[in-house]
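Notes follow once the structure below has been shown.
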Amino acid sequence: MTQIRCAEVRQMMPDRVTGRVPADGSRDFEDHVARCADCAEELDLVRILFSGRVTAPAGLADRVVVAVRPRSSRATRPWWGLSAAAVAALAVGIGVASEPGPLGVAAGLGLASEFEEGELWLSDDGLLAGVPEFEALSDEALVELLEDLTSEIGGGSGGAA
Amino acid sequence: MSDAELVRNARTGDAAAQDELVRRHIDAAYRVALSLTRDPDVAADVVQDAFVKAFGSLDGFRGDASLRTWIVAITANEARGFFRRSQRRKEASLDAATEVASVQPDPAERAVTESEAARARAELEKLPEKQRLSVTLRIEEGMSFREIGSVVGSSEGAARVNYFHGIRRLRELME
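As given, the protein sequences belong to chains A and B, one line each in that order. Quick note on the numbering used here: the first sequence kicks off at 1 and runs consecutively. Quick note on the numbering used here: the second sequence kicks off at 1001 and runs consecutively.
Okay, here's the thing in structure tokens:
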């Protein structure tokens, strides 16, 4: 029977405890620990340390995922996913606001007295929608929007001939 | 999917691959950051900065070491950089209850009580930095002494000595 020494056993402990080394074929290890109180004590400590290892706090992975994402993909959003502030500014400018009244997101931003629900489109997720926030648009989206607007303005003309 | 495949996809801007890499290695990065900073909030910031740095230089990852070792090494550097910047080391507040809350015991093993685990962690934090890090990386991350040396900035032999000195000291502290 092969006898292994304490030094070998101690080297193997972390891999044994964590399961990185399969338990089968390790009779020598088991026999040694059963006979050697010193190694048994150390194995116990390794086991305690491994069992007590911490994991990243909840939410940290999500935070990191957002942080590592390229800025371009974080900044770009569909043109209908507008910030309430942008809508508010544009809505005031185009005279959408009329009578005072409570209004979901806008009310939370202190805009309750400026808007009335029926005057704006509210999407299901509570975001205000309907007016583009140009800064967030990609070049392609801007071109597309411009084409839409152009076709609407020239709607009755039947387009370029 | 292997790390190598995920890295290949992440380099092309594949967000799903990036997400998977973060989730796969964030615990290891956090443990190392916590081991060095001994402050959960600082450790979380260090981890975030480390991943941003790692992903920013993903093209430079040559695959000589495993991705986990590479990320852990970057995290360790970030943690040391934090101390260099702040020029102070916050003493550990041994909030054992918080730290063992996420313990995932192996049911096949003898039940390790929370108090045992908390005490071991508290004693671990008393070790000198290189011993502490060597014990953490060897036991919690399963790294070889060669990998530990590359993270700690020492030779393989020094990593081995640091580990065994750390374990011996821990046993004395736990008696």
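We put the CB at the ideal spot given by N, CA and C, even for glycine.
| Item | Value |
| --- | --- |
| Listed by chain order, chain B residues near ILE48/A by CB distance under 7 angstroms | VAL1112, GLU1116, ALA1117, ALA1120 |
| Residue environment, VAL66/A, which counts as buried when at least 16 other CB atoms sit within 10 Å | exposed |
| 8 angstroms Cβ cutoff, LEU60/A in contact with chain B | yes |
| contact_flag[the stretch 1137-1145 of chain B, the stretch 1046-1063 of chain B] where n(CB pairs < 8 angstroms) is 3 or more | no |
| Cα-Cα separation, MET1174/B to GLU1156/B | 27 angstroms |
| The stretch 1027-1046 of chain B: positions lying closer than 8 angstroms to chain A by Cβ | ASP1027, ALA1029, TYR1030, ARG1031, LEU1034, PRO1040, ALA1044 |
| Partners in chain B for LEU45/A, counting only beta-carbon separations shorter than 8 angstroms | ALA1120, ILE1167, LEU1170, ARG1171, MET1174 |
| Which of helix, strand or coil DSSP assigns to ALA57/A | As written in the sequence, residue 57/A is Pro, which differs from the Ala given in the question. Here PRO57/A sits in coil by DSSP. |
| Cβ neighbour criterion (16 or more within 10 Å) applied to THR1075/B | buried |
| Every unbroken alpha helix (DSSP H) within the stretch 10-55 of chain A, with a cutoff of 4 residues, ordered by chain | 27-35, 37-51 |
| LEU1067/B - DSSP class collapsed to helix/strand/coil | helix |
| Below-8 angstroms beta-carbon distance, ARG16/A vs any chain B residue | no |
| Alpha carbon of SER1115/B to alpha carbon of GLY1013/B, nearest angstrom | 44 angstroms |
| As assigned by DSSP and simplified to three states, the class of ILE1148/B | helix |
| Any 3 or more C-beta pairs closer than 8 angstroms across the stretch 1158-1172 of chain B and the stretch 1119-1137 of chain B | yes |
| Test: ALA1076/B CB closer than 8 angstroms to a CB of chain A | no |
| Per-residue DSSP class, three states only, for ASP1027/B | helix |
| Contacting residues, own chain, Cβ-Cβ under 7 angstroms from THR1037/B (five flanking each side not counted) | ALA1043, VAL1046, ALA1079, PHE1082 |
| Own chain residues within Cβ distance below 6 angstroms of ARG47/A, not counting five before or after | VAL17 |
| Proximal chain A residues relative to ARG1023/B, where beta-carbon distance stays under 7 angstroms | ALA61 |
| Minimum Cβ-Cβ distance from VAL1161/B to chain A less than 8 angstroms | no |
| Top-ranked residue by Cα proximity to ASP1049/B, from SER1035/B, GLY1063/B, PHE1061/B, TYR1030/B | TYR1030/B |
| Buried/exposed call for CYS6/A, threshold 16 Cβ in 10 Å | exposed |
| Exposure of ARG1062/B, with buried meaning 16 or more beta-carbon neighbours within 10 Å | exposed |
| Contact the stretch 8-17 of chain A vs the stretch 29-47 of chain A: 3+ CB pairs below 8 angstroms | yes |
| Backbone secondary structure at THR1075/B - three-state DSSP | helix |
| Start and end residues, alpha helix (DSSP H) containing PHE1061/B | It is not in any alpha helix (DSSP H) - PHE1061/B carries neither H nor E in the DSSP assignment. |
| Residue burial classification, GLY52/A (beta-carbon count within 10 angstroms, cutoff 16) | buried |
| Reduced DSSP secondary structure (H/G/I, E/B, other) of GLU1099/B | Interpretation of GLU1099/B is limited by its pLDDT of 41, a score under 50 that renders its predicted location unreliable; no figure is taken from the coordinates. |
| Closest Cα partner of ALA58/A within the set ALA1117/B, ARG1085/B, PRO1040/B | PRO1040/B |
| Beta-carbon spacing of ALA61/A, VAL1072/B below 8 angstroms | no |
| Helix, strand or coil at ARG1139/B [DSSP, three-state] | A quick correction: the sequence has Ile, not Arg, at residue 1139/B. If DSSP states are grouped into helix, strand and coil, ILE1139/B belongs with the helices. |
| Short Cβ contact (8 angstroms threshold) for SER1035/B with THR1136/B | yes |
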